[in-house]
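In mature numbering (1 follows the signal peptide of the UniProt record, and there is no 0), the protein residues as written are -21 to -1, 1 to 263.
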């Protein structure tokens, strides 16, 4: 009798569980999408870098991400609003100098003033609390290109500089830098197959120097210095040289600087309400 009751309980418990999602990792850029008063335009960019505010991802384990991976809050993953997926990036917490490597595999966060969301494991290693953290993000070009070349559904790319041998990332931090964990391997052996999960990245953290910086609301980037000055005069903003855009010298039109996230958020909302739909928060 007890055995029958136990079997019945196990059967009912199994029926109540949601079916396990099957991983289907694939390349995706995706269509433009809108959230929180701003449009986002996904695009390919293998040498992207930028700064902004990162938050914790509160998605549920087992859900499929935008590129078909199964969400795992203990994995070293994150979400970005526009980069092709998947992509490999370093994330530096500017407030304490900690740095981790994550694979971007989802779209988000769905908030105009937040650039990146991170899994619980990645956020913990970065020393993030419950609120936003000031971060800098630098894409790993070789590893991201390799994924774009080999993952199912990838476009045909003419890439002459992509390495053909295994690529090993090791600690390049120099003095004052320490590494915990293994290196990131991105060789041909890691090439995913249809229905196969991508290899997990090691949970490693590197300690550098803190450089929190000030908050700005960037409303546009222009190649013309004169054009940027004209736009800044019209909108009551300032012009700053932008050397981190990854596309040569640009001139950024910005509001700021701001010392608090609340003030930067308020300025961002005003810019979006004024029709400056590309406005976003950066740290410098």
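No residue lacks a Cβ here, since even glycine has one placed at the ideal position from N, Cα and C.
Beyond the five residues adjoining it in sequence on each side, residue 123 comes within less than 6 Å, by CB distance, of 25, 66, 67 in the same chain, given in chain order. Judged by DSSP in its simplified three-state form, residue 206 adopts helix. In this structure, residue 86 sits away from residue 256, with a CB-CB distance that is not shorter than 8 Å. Between the region 44 to 59 and the region 75 to 84, the count of Cβ pairs shorter than 8 Å is three or higher; the stretches touch.
Residue 116 and residue 212 have their C-alpha atoms roughly 30 Å apart.
Cβ neighbours of residue 190 within its own chain (closer than 8 Å, five residues either side excluded): 73, 76. The beta carbon of residue 61 sits closer than 7 Å to those of 19, 20, 21, 22, all from its chain and outside the five residues before and after it, given in chain order.
Residues 16, 17, 91, 258 of the same chain have their beta carbon placed closer than 7 Å to that of residue 251, with the five preceding and five following residues left out of the count. Residue 186 has its alpha-carbon roughly 19 Å from the corresponding atom of residue 262. The beta carbons of residue 32 and residue 111 sit closer together than 8 Å. Scanning its chain for C-beta atoms nearer than 8 Å, with the 5 sequence neighbours on each side dropped, one finds around residue 235 the residues 193, 194, 195, 196, 217, 243, 246, in chain order.
A straight line joining the alpha-carbon of residue 109 with that of residue 130 spans about 34 Å. Note on the region 25 to 57: whole beta strand (DSSP E) runs with a minimum of 3 residues are 28 to 35, in chain order.
The Cβ atoms of residue 228 and residue 210 do not sit closer than 8 Å to each other. No residue range can be given for residue 15, since it is assigned to no alpha helix (DSSP H) and is classified by DSSP as neither H nor E. For residue 130, there is no enclosing alpha helix (DSSP H), as DSSP gives it neither H nor E.
Residue burial annotation: residue 10 is exposed, with fewer than 16 other C-beta atoms found within 10 angstroms of its C-beta. Between the alpha carbons of residue 177 and residue 203 lies a distance of about 42 Å. DSSP places residue 216 in the coil class of the three-state scheme, outside both helix and strand. In the DSSP assignment, residue 95 forms a beta bridge with 33, 59. Counting of Cβ neighbours within 10 angstroms places residue 44 among the buried residues, the total reaching 16 or more.
Cβ-Cβ distances below 7 Å link residue 180 to 55, 80, 81, 82, 163 in the same chain, with the five nearest sequence neighbours on each side left out; the list follows chain order. Exclusion of the five residues before and after residue 132 leaves 5, 6, 7 as the residues of its chain whose Cβ lies within less than 8 Å of its Cβ.
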